[in-house]
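A.B. asks: If you're matching them up, the sequences are chains Y and G in order.
If you use the UniProt record's numbering, the first sequence corresponds to residues 1 to 187, in order.
If you use the UniProt record's numbering, the second sequence corresponds to residues 1 to 187, in order.
Virtual Cβ for every residue (Gly too), placed ideally from N, Cα, C.
The structure displayed is predicted, hence computed values, not measured ones.
Number of protein chains: 2
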Amino acid sequence: MKDKSRYLEDLKRVIQEGEVDLRIIDTLNILNSKENYYTTSSCAGRIILIELEEIGGKKESNFIFKSHEKVDYKNIWRIINEYTGNKMLFLIVNSSIIHVVCKDLESAKRLINISKESGFKYSSIFSFTDKIIVEIRSTEKMDVPIVKDGKIYPSEEYVMMLVEIANQLIDRIKKKIETLNENLREM
Amino acid sequence: MKDKSRYLEDLKRVIQEGEVDLRIIDTLNILNSKENYYTTSSCAGRIILIELEEIGGKKESNFIFKSHEKVDYKNIWRIINEYTGNKMLFLIVNSSIIHVVCKDLESAKRLINISKESGFKYSSIFSFTDKIIVEIRSTEKMDVPIVKDGKIYPSEEYVMMLVEIANQLIDRIKKKIETLNENLREM
Numbered sequence: 001m002k003d004k005s006r007y008l009e010d011l012k013r014v015i016q017e018g019e020v021d022l023r024i025i026d027t028l029n030i031l032n033s034k035e036n037y038y039t040t041s042s043c044a045g046r047i048i049l050i051e052l053e054e055i056g057g058k059k060e061s062n063f064i065f066k067s068h069e070k071v072d073y074k075n076i077w078r079i080i081n082e083y084t085g086n087k088m089l090f091l092i093v094n095s096s097i098i099h100v101v102c103k104d105l106e107s108a109k110r111l112i113n114i115s116k117e118s119g120f121k122y123s124s125i126f127s128f129t130d131k132i133i134v135e136i137r138s139t140e141k142m143d144v145p146i147v148k149d150g151k152i153y154p155s156e157e158y159v160m161m162l163v164e165i166a167n168q169l170i171d172r173i174k175k176k177i178e179t180l181n182e183n184l185r186e187m
Numbered sequence: 001m002k003d004k005s006r007y008l009e010d011l012k013r014v015i016q017e018g019e020v021d022l023r024i025i026d027t028l029n030i031l032n033s034k035e036n037y038y039t040t041s042s043c044a045g046r047i048i049l050i051e052l053e054e055i056g057g058k059k060e061s062n063f064i065f066k067s068h069e070k071v072d073y074k075n076i077w078r079i080i081n082e083y084t085g086n087k088m089l090f091l092i093v094n095s096s097i098i099h100v101v102c103k104d105l106e107s108a109k110r111l112i113n114i115s116k117e118s119g120f121k122y123s124s125i126f127s128f129t130d131k132i133i134v135e136i137r138s139t140e141k142m143d144v145p146i147v148k149d150g151k152i153y154p155s156e157e158y159v160m161m162l163v164e165i166a167n168q169l170i171d172r173i174k175k176k177i178e179t180l181n182e183n184l185r186e187m
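#1: With a threshold of 8 Å, are at least 3 pairs of Cβ atoms found where one atom belongs to the segment 132-144 of chain Y and the other to the segment 102-110 of chain Y?
#2: Since Val144/G meets chain Y, which of its residues come closer than 8 Å, beta carbon to beta carbon?
#3: Does DSSP put Tyr37/Y in a helix, a strand or coil?
#4: Of all Cβ atoms in chain G, is any one closer than 8 Å to the Cβ of Lys148/Y?
#5: For residue 230/Y and Asn32/Y, which I take to be in contact (beta-carbon distance under 8 Å), what is that distance rounded to the nearest angstrom?
#6: Taking the Cβ atom as the reference point for each residue, do Ile97/Y and Thr27/Y lie within a distance shorter than 8 Å?
#7: What in chain G is Cβ-close to Lys87/Y, meaning under 7 Å?
#8: Considering Cα atoms alone, identify which of Tyr158/G, Gln168/G, Met88/G is closest to Leu95/G.
#9: For the structure I just gave you, are there three or more beta carbon pairs, one from the segment 161-177 of chain Y and one from the segment 63-80 of chain Y, closer than 8 Å?
#10: Do Ile112/Y and Ser124/Y have their CB atoms nearer than 8 Å?
#11: So is Lys109/G in contact with chain Y if we call contact Cβ pairs under 8 Å?
#12: Quick one: which residues of the segment 153-165 of chain G get their C-beta closer than 9 Å to a C-beta of chain Y? List them in chain order.
#13: Using a Cβ cut-off of 8 Å, which residues of the segment 33-53 of chain Y contact any Cβ in chain G, in chain order?
#14: Do you know how far the Cα of Glu17/G is from the Cα of Ser42/Y?
#15: If the criterion is Cβ atoms closer than 8 Å, does the pair Leu22/Y and Thr39/Y meet it?
#16: Taking only beta-carbon atoms, is Phe120/Y less than 8 Å away from chain G?
#17: Going along chain G in order, which residues have a C-beta closer than 8 Å to the C-beta of Glu135/Y?
#18: Mapping the DSSP letters down to three states, classify Val134/Y as helix, strand or coil.
#19: Could you confirm whether any beta carbon from chain G is found closer than 8 Å to the beta carbon of Phe63/Y?
#20: Counting C-beta neighbours from all protein chains within 10 Å, is the total for Met1/Y 16 or more, i.e. buried, or is it exposed?
#21: Give the straight-line distance between the Cα atoms of Ile170/Y and Ile25/Y, rounded to the nearest whole angstrom.
#22: Does DSSP put Val101/Y in a helix, a strand or coil?
#23: If you draw a straight line from the alpha carbon of Pro145/Y to that of Lys70/Y, how long is it in whole angstroms?
#24: Figure out for me which residue from Lys34/Y, His68/Y, Val93/Y has the closest Cα to the Cα of Ser5/Y.
#25: Contact defined as beta carbons within less than 8 Å: I believe Leu49/G pairs with Ser115/G. What is the distance between those atoms, to the nearest angstrom?
#26: Can you grab the Cα-Cα spacing for the pair Pro154/Y / Lys121/G, in whole Å?
#27: So Val93/G packs on Ile152/G, CB below 8 Å; how close in whole Å?
#28: Checking 8 Å against the spacing of the C-beta atoms, do Val159/Y and Leu89/Y come in under that value?
#29: Per DSSP, which residues does Ile47/Y bridge with? Please list them.
#30: Is Ser107/Y helix, strand or coil by DSSP?
#31: If contacts are defined as beta-carbon pairs under 8 Å, then Arg185/Y and Ile15/Y qualify, I think. What distance do you get, rounded to the angstrom?
#32: Indicate whether Gly45/G and Glu140/G have their beta-carbon atoms separated by less than 8 Å.
#33: Under the assumption that Lys103/G contacts Asn183/G (Cβ atoms under 8 Å), give the Cβ distance between them as a whole number of angstroms.
#34: I need the boundaries of the alpha helix (DSSP H) containing Ser5/Y, first residue and last residue.
#35: Short of 8 Å in beta carbon distance, which residues of its chain neighbour Gly150/Y, apart from the five on each side in sequence? Order them along the chain.
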């Protein structure tokens, strides 16, 4: 685990800079306190408005709005109406994702099992080129095209319904993170 | 690879019954022709209408419509309008997914690398409890709530736009599968 101390230093810095979602700091700290693991990147789950050049691809994507907490649909509706770009605008809920370097396959296996039991059903070994990296990932997601060719497609009422669902997903993610923390502590 | 012959028999049966998406049969055959691999399940990628009891969870989900090919928005619009259930109805594009049992970690690693190079960026080791299973998965996705509490939210024009995007995703998936097949053949 030769790079662990460097990653812990990095994490300390980004936490100080307020760039880590508070909700997931406990999870990162629990994992990093264990000998066999350290975290390299994370997202607590979030609601975003993003402009995309083309569907599916990641090229030319640009965040217009980002929140790790529940949001007021009025804000979202206002931002959509203020959008003047000519790309596609999507309302997206991202599930929570944590990348964890594991000492060996045995510790990776244990982490995946605990994560799946905690509701993070899409957890898997993401990479093992030089390091074994587990991706802890939950299933919550929503991807809705909102603006295309300068036209706003949903009504205000529709956006209210979409945001209601997005907020429910954020609640579900929160609960899963709490369960994960409990299970990781007992690991 | 003790269960391989059983899975190949199963596959032969479901192909005969027309239950495997034609588009992905080549991929399955190429993989199964190799000593170190066999496939256990697959989806070529699809456009679905699904009713859900609750968001995010899988409980009480029910397919209303399913297509592995591009669709005519008029069909989708008709089915939405004929829906009389009281659950939420979602229009979803699922990325393609193939589960492949691998002989050892080395062959799993090779398969993941080829899959990622072919555009299946979310490929990973999905399970390794008794067998090493690689999940080959692409990134295309869309999840749009359409009906809630008996109310159809999008306009016909909006559904037309959503289906246009869904069809573009199916095209992207097709191209990726072709690239994957080429790369797997040369493996």
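C.D. replies: On the basis of the coordinates in this document:
#1: Segments in contact, yes.
#2: The contacting residues are Met142, Asp143, Val144, Pro145.
#3: Strand, per DSSP.
#4: So yes, Lys148/Y belongs to the interface.
#5: Residue 230/Y is absent from the structure shown; chain Y starts at 1 and stops at 187.
#6: No; because the gap between Cβ atoms is not below 8 Å, this pair is not in contact.
#7: Under the 7 Å cutoff, chain G gives no residues; its nearest Cβ is about 13 Å from Lys87/Y.
#8: The sequence shown places Ser at residue 95/G, not Leu. Ranked by Cα distance from Ser95/G, the first of Tyr158/G, Gln168/G, Met88/G is Gln168/G.
#9: Inter-segment contact for the segment 161-177 of chain Y and the segment 63-80 of chain Y is present: three or more beta-carbon pairs are separated by less than 8 Å.
#10: In this structure, Ile112/Y places its C-beta atom within 8 Å of the C-beta atom of Ser124/Y.
#11: Yes, contact with chain Y.
#12: The segment 153-165 of chain G vs chain Y, Cβ under 9 Å: Tyr153, Pro154, Ser155, Glu157, Tyr158, Met161, Leu162, Glu164, Ile165.
#13: Within the segment 33-53 of chain Y, no residue has a Cβ that lies closer than 8 Å to any Cβ of chain G.
#14: Approximately 44 Å between the Cα atoms of the pair.
#15: No, Cβ-Cβ distance for Leu22/Y and Thr39/Y is not below 8 Å.
#16: Under the 8 Å criterion on CB atoms, Phe120/Y is classed as non-interfacial with respect to chain G.
#17: What Glu135/Y touches in chain G: Ser124.
#18: It is a strand residue.
#19: Not one chain G Cβ lies under 8 Å of Phe63/Y.
#20: Here Met1/Y is exposed: its Cβ has fewer than 16 other Cβ atoms, across all protein chains shown, within 10 Å.
#21: Rounded to the nearest angstrom, the two C-alpha atoms are 16 Å apart.
#22: In the structure shown, Val101/Y sits in a strand (DSSP, three-state: E or B).
#23: In a straight line, the C-alpha of Pro145/Y is about 20 Å away from that of Lys70/Y.
#24: Of the listed residues, the one whose Cα sits closest to Ser5/Y is Lys34/Y.
#25: Their Cβ separation, rounded to whole angstroms, is 29 Å, which puts Leu49/G and Ser115/G out of contact at 8 Å.
#26: Taking the straight line joining both Cα atoms gives about 31 Å.
#27: Between Val93/G and Ile152/G the beta-carbon gap is near 19 Å, outside 8 Å, which marks them as no contact.
#28: Between Val159/Y and Leu89/Y, the gap from beta carbon to beta carbon reaches 8 Å or more.
#29: Residue pairing for Ile47/Y: DSSP places it in a beta bridge opposite Ser67/Y, Val93/Y.
#30: Three-state result, Ser107/Y: helix.
#31: With a beta-carbon spacing of about 19 Å, Arg185/Y and Ile15/Y fall beyond the 8 Å limit used to define contacts.
#32: In this structure, Glu140/G lies closer than 8 Å to Gly45/G by Cβ.
#33: Separation of the CB atoms of Lys103/G and Asn183/G is rounded to 19 Å, and the pair is thereby denied contact status at 8 Å.
#34: Going by DSSP, Ser5/Y is part of the alpha helix (DSSP H) stretching over 4-16.
#35: Result list for Gly150/Y: Asn86, in chain order.
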